[in-house]
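In the UniProt record's numbering, the protein residues as written are 1 to 335.
Backbone N, C-alpha and C define an ideal beta-carbon position, used for all residues, glycine too.
Below you'll find the structure, written out as C-alpha cells, and then a few comments.
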Amino acid sequence: MGFGKFLETTSFNLRRGLLAKVTFVPISGIILACFQDDLIQMWSPNTYETIKQFAPINWKNCLVKSVSFTRDGQIMVVAGHLPTISLFHLESSKLIKMISLNDYLHSIKRAEFITNDLDGGDNKILAILSGSAESEVAALNRRIQLLEEDLERSEERLATATAKLAEASQAADESERQRKVLENRSLADEERMDALENQLKEARFLAEEADKKYDEAARKLVLMEQDLERAEERADGSEHKIVELEEELRVVGNNLKSLEVSEEKATRKEDEYSVTLKQVEQQLREAEARAEFAERSVQKLQKEVDRLEDELVAEKERYKEIGDDLDTAFVELIL
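Listed below in C-alpha cells is the structure:
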C-alpha cells in the first residue's frame, strides 16, 4: 500500500527506469534509490516523497552497482559498470570528485568507505574491481604481499618500540624514584648540616669558655703556688720553733726528774707534758699531712694554711701557757 502511494506522489515511470539498488543513508535514515537508467533519488522515510534527485549527466551508462556513505551520512560514493568512482555531497547534491581508473578495467563491483580509524578512517575508499586485467591483479597481489610484509615489519618495529617504551618508562620511573630518594637524602643532609653547624657554634662557644676558665684556673694556680711557698716557709719556721720547744721540754723534763722533793707532782706534770707533746707531735704530723695534701689539692690549700696558722697561734698560746706553768712550777719547786 505504501509503495503504491509512493508511485503516485513521486510521478516517475517504473516502466522506463527499473530499480537497481535501494539503501538507507546513515544517521538521517533517508531512502536512496538507484535506477537502471542511472537516475538516483532520495526519499523521505516518513512520507516516501522525493527529497532530492541526482541526474545521470556525469555517469551515463554507469549502471550503479555499489553505493556507500561516510559514517556521518554527508558524503556518498557511487561505483558501477564504468571504471570511475564518483563522490557526492548529499546535502548540496553536488559532485565533489570523480576518480577515473585504468581503461582496461571493465567495472567496479563494490566501493565502500573504510570505517575504521586506520590511516585517516573515512578518508579512504575501498574499491573491489572486476575485469580481465590479470596483470593488474597480479601487481596488486604483489603489492598486497609487500604491504603485508611491510605491515609485519612495522608490527615488529612497533613491538620493539613498545618494549623500548616500556623499558624507558620503567627507567624513567626508576629515575624518578632515585630522584625522590636523592631529594630526600639532600634534605636530610641539609638538616644534618644545619644541626652540625649549630653544634659547631656551640662547641666553639664552649671551647672559648673553657679557654677562659683555663686561663683563670692557671692564674689562680700561680697565686696558690705562691701562697703554698709562703705557707711552706712558715711551716719550716714552725718546725724549727717546735724543735726548740722540744729541746726546752727535754731540759725541763730532766730538771723535773732531778727534783726529788716534788717527785710525784713533777711526775704528774711530766705526764701532762708528755701528753701535750704527743698532741703537739700529732698536730705537727697532721700539719705535715695537710701540707702534702695541699700540694695535690691547690684549691683547698689556702683554707688549710689559714687553719694551720690558727692552730700554730693556738699552740703558741698553749706553749706560752705551758711556759707559764713551768715558771710557776720552778717557783714552787724553789719555794
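Closer than 7 Å to a non-hydrogen atom of the ligand NAP - does that hold for the CB of residue i?
| i | result |
| --- | --- |
| GLU247 | Inclusion of the ligand NAP in the displayed structure is not the case, the ligand content being empty and no account of it being possible. |
With residue i and residue j assumed to form a contact (beta carbons below 8 Å), what rounded beta-carbon distance in angstroms separates them?
| i | j | result |
| --- | --- | --- |
| ILE99 | THR84 | 7 Å |
| VAL64 | LYS21 | 6 Å |
| LEU18 | ALA33 | In fact, because the Cβ distance is near 11 Å, the residues do not count as touching under 8 Å. |
| PHE54 | SER92 | Between SER92 and PHE54 the Cβ distance is about 11 Å, and since that is not below 8 Å, they are no contact. |
| PHE88 | PRO26 | So it is not a contact: roughly 14 Å between Cβ atoms. |
| ILE242 | LEU284 | 6 Å |
| GLN36 | THR50 | In fact, because the Cβ distance is near 18 Å, the residues do not count as touching under 8 Å. |
| LEU312 | LEU277 | Going by Cβ atoms, the distance from LEU312 to LEU277 rounds to 16 Å, so no, they are not a contact pair. |
| LEU245 | TYR319 | 6 Å |
From what residue to what residue does the beta strand (DSSP E) around residue i run?
| i | result |
| --- | --- |
| SER86 | 84-89 |
| VAL78 | 75-80 |
| ILE40 | 40-43 |
| THR50 | 50-54 |
| SER100 | 94-100 |
| ILE31 | 31-35 |
How would you label residue i, buried or exposed, when you count the other beta carbons within 10 angstroms and need 16 or more for buried?
| i | result |
| --- | --- |
| GLU321 | exposed |
| GLU202 | exposed |
| GLU315 | buried |
| residue 342 | Because the chain is modelled from 1 through 335, residue 342 falls outside the range shown and cannot be assessed. |
| ALA329 | buried |
| ALA287 | buried |
| residue 336 | With the chain represented from 1 up to 335, any question about residue 336 goes unanswered, as that position is not in the structure. |
| MET193 | exposed |
| ASP38 | buried |
| SER66 | buried |
| ALA161 | exposed |
| SER86 | buried |
| ALA289 | exposed |
| ILE75 | buried |
| LEU196 | exposed |
| ALA231 | buried |
| ALA235 | buried |
| LEU223 | exposed |
| VAL251 | exposed |
| LYS5 | Unreliable placement is indicated for LYS5, whose pLDDT of 42 sits below 50; the coordinate value is still reported in the next sentence. Result: exposed. |
| LEU228 | buried |
| VAL280 | buried |
| residue 396 | Since the first residue of the chain shown is 1 and the last is 335, residue 396 is not available in this structure. |
| LEU82 | buried |
Report the three-state DSSP secondary structure of residue i (helix, strand or coil).
| i | result |
| --- | --- |
| LEU18 | coil |
| VAL67 | strand |
| THR23 | strand |
| SER28 | coil |
| THR47 | coil |
| GLY2 | Low confidence applies here, because GLY2 scores a pLDDT of 43, under 50, leaving its location unreliable; read the following figure in that light. Here GLY2 sits in helix by DSSP. |
| ASP215 | helix |
| residue 383 | Nothing can be reported for residue 383: it is not among the residues displayed for the chain, which extend from 1 to 335. |
| ASP72 | coil |
Whole beta strand (DSSP E) elements within the stretch 164-205, 3-residue minimum
Correct list: empty.
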